[in-house]
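A short write-up of the structure that comes next.
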Amino acid sequence: MVINFLKIKYVRIVVMLISICVTENIFPSGVDGHNDAARLGATLAPEPFKSNPDFCWAGTYPDDIADWCVGHDSDGYLRKLLTFEAINALRAQDVPKALFLASVATHYLVDRACIPHSGWAWHYSKGWQQFLPVKYRDVKLPFIKEGNEYILQVLPPEYCSEAWTRAKGSSESYLEFLPSIRPLVKPEMLRKFDQWTFTDAFLYGRWYSGFIALDLLDGENIKHPPFRFKDTRGMQAVLADELINTAAVCGSYYGYLVTAAGSDVPDEWSCVLPPRDRFLELVRNGTIVVIGEKAPWPVERAALVLAMELVRAEQRFAVIDGRKLLVTSPESLIVRYNSARPDQRLAQSNLIVLSTPEDIDLQKSFNINKVVSGKRGRITVRKAVPSRGRNTIILMGATMQDSLYLVDYLLDVSWDPFHGRWPADKIVNALQKTWAGWKLIEDLRSRSGIEAVEYAKKYPRNHKSTRVADAELYKELLGSDLKRGASDLEWSRFFLLEVRLADGRQVPDVIAGGCGK
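Residue numbers (the numbering used here): 838 to 1354.
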């Protein structure tokens, strides 16, 4: 069953919060929202994450090594570099090292899916209003910018008023000063993204964080000043839902890692596609996504994720080639396969075939072998031959969820620059020469298990003194000829306002009543 994050009402969360005030919490106390989400997310994931949540302690680690000075504009690439190392560690059955690396990577996910960084909601950024609940679309909060801080002009909150005083009115700093809400979140309150790709879950989770950010405000007084926050219990309910949301994103990421680590991948990538930005090469000769004729909603939506990335690659190619961009819709790049009525484009395009164990027609027609027992999936690459003339990439999972996660793996091994700039080669080269995390990765390759983790715990202090020099070199190596990847706004417009959810509704139908309604 696909869980819709908008179905839980805050009144239910408040009741749960009251009920557990006298109940022993099964999770150890946390000190940071990043770490809380990383640990709780592990409880939602397959093994070895599920039984080892305390190995996922490093959500705040990138801040500990002061890496914000290098690469946060290209955080998608930072996450990928850590992803590949975590997958390799999982394949080596090095659980402590793998889960440490995975939890470090969640930092960049939670940064984009938490209330403090939901600037588009707090600051009412142009273009994003259409995604807000109807009751908030005309709300314009007063801010005063002081240095790098945005000072929110609202009445002092009832909840942790001393933290507000310390933050001097900065909404972001205030929220980061608040105590961990994790003791108030019981396991049964957690939700997860069943039957979603990780990519889709992450982006939906990011939108949801902005969706609930404004719900911290007192709903009785949101159209005009003086603005005020909700009372203590109301704010705790919203912050609990934020943690539930970020934990779900982390859990989805961990699930993807398990599938990737348990899947066979091709050795012949370099013979067919370049080492970086493979989607760019695919669109040069046209590519379509093939799914079964009766593929269910999760598979169709995963295919749309792939198709959207092909559209983005077309946009990059148009810039490189200096040609006029043809407007392509993601839907037009998807073919529902029927062997009795084959689409003529199958012989004219590169193909990405997304198969699940139930797609018997696809398996027979494309000669797709079943996944070997004990494995999670397989990515197969078939180089173009004269009789076909095109390249074919086949994603086949042992379960439907594994097939969906192979979509995320394909995006990662293709170095799809979703949240970063491009060309990928230049960015990755700069990161490997300047990013503190890359030095850590290299050091950990010769270490394993607890030894690797203990080394990592000492590492942050070894690097902080060089952060300014790193930033200057990073900027120099990048130069000025980089291009931005496609915007989040484009994804949001399509997946939030056009594509329907599993129950047939569109997001505007869901958000019309406001958050939690």
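We put the beta carbon where it would ideally sit given N, CA and C, even for glycine. None of these values were measured; they are calculated from a predicted model.
For residue i, which option in the options has the closest C-alpha, if you only look at C-alpha atoms?
i       : options                               : result
Tyr1296 : Lys1320, Val1095 and Ile1278          : Ile1278
Ala895  : Cys1087, Ile1230 and Arg1337          : Cys1087
Asn1122 : Arg876, Phe937 and Gln1185            : Gln1185
Asp1249 : Phe1116, Pro1194 and Ala1004          : Phe1116
Leu877  : Leu936, Thr1271 and Lys1212           : Leu936
Glu1105 : Lys1023, Thr1229 and Leu1141          : Thr1229
Asp891  : Glu1009, Tyr898 and Asn872            : Asn872
Leu915  : Leu1314, Asp1280 and Phe1255          : Phe1255
Asp818  : Asp1340, Phe1332, Ala1339 and Glu1130 : The question about residue 818 has no answer here: the residues shown for the chain are numbered 838 through 1354.
Phe886  : Tyr1090, Asp1245 and Val1208          : Tyr1090
Val1136 : Gln1152, Arg1070, Pro1103 and Leu1243 : Leu1243
According to DSSP, residue i sits in a beta bridge with which residue or residues?
i       : result
Lys1320 : Trp1259
Leu989  : Phe980
Phe1066 : Leu1054
Arg1215 : Asp1101 and Met1233
Ile1128 : Arg1173
Ser1192 : Met1233
Just verifying my parser: in three-state terms, what is the DSSP assignment at residue i?
i       : result
Tyr1246 : helix
Asp1031 : coil
Ser1007 : strand
Ile981  : strand
Arg1282 : coil
Val1172 : strand
Lys1187 : Looking at the sequence shown, residue 1187 is not Lys but Asn. Three-state DSSP puts Asn1187 in a strand.
Ala939  : helix
Gly1341 : coil
Asp975  : coil
Ile1205 : coil
Ala950  : coil
Gly878  : helix
Pro1016 : coil
Arg1121 : helix
Phe886  : coil
His944  : helix
Ser1166 : coil
Is it buried or exposed for residue i, if we count other Cβ within 10 angstroms and need 16 for buried?
i       : result
Ser1100 : buried
Ser1224 : Because the pLDDT of Ser1224 is 47, which lies under 50, any placement of that residue in the model is unreliable, and the number read from its coordinates should be weighed accordingly. It counts as exposed.
Lys934  : buried
Glu922  : buried
Val1344 : buried
His944  : buried
Asn985  : exposed
Arg1003 : exposed
Lys1131 : exposed
Ser1329 : buried
Ala1097 : buried
Ile924  : buried
Arg928  : exposed
Ser1283 : exposed
Gln1200 : buried
Please confirm if residue i has its CB atom under 8 angstroms from at least one CB of chain D.
i       : result
Leu1333 : Note that chain D does not occur in the displayed structure, where there is just one protein chain.
Return the chain-ordered list of same chain residues with a C-beta closer than 6 angstroms to the C-beta of residue i, the five sequence neighbours on each side being excluded.
i       : result
Asn1191 : Here residue 1191 turns out to be Leu, not Asn, going by the sequence shown. Taken in chain order, the residues that qualify are Ile1128, Ala1140 and Leu1232.
Leu1076 : Ile1018
Val1056 : Note on identity: in this sequence residue 1056 is Gly, with Val being the wrong assignment. Excluding sequence neighbours, Gly1056 sits near nothing in its chain.
Leu919  : Leu938, Val941 and Ala942
Ser976  : It is worth fixing the name first, because residue 976 is Val in this sequence and not Ser. Result list for Val976: Ile1059, in chain order.
Asp1196 : Gly1129
Asp1180 : Val1172
Excluding five sequence neighbours on each side, which residues of the same chain lie with their C-beta closer than 8 angstroms to the C-beta of residue i?
i       : result
Leu1247 : Leu1143, Ile1189, Ile1216, Ile1230 and Leu1232
Hey, is residue i close to the ligand HEM, as in C-beta under 7 angstroms from one of its heavy atoms?
i      : result
Ala874 : Although the ligand HEM was asked about, the structure shown includes no ligands whatsoever.
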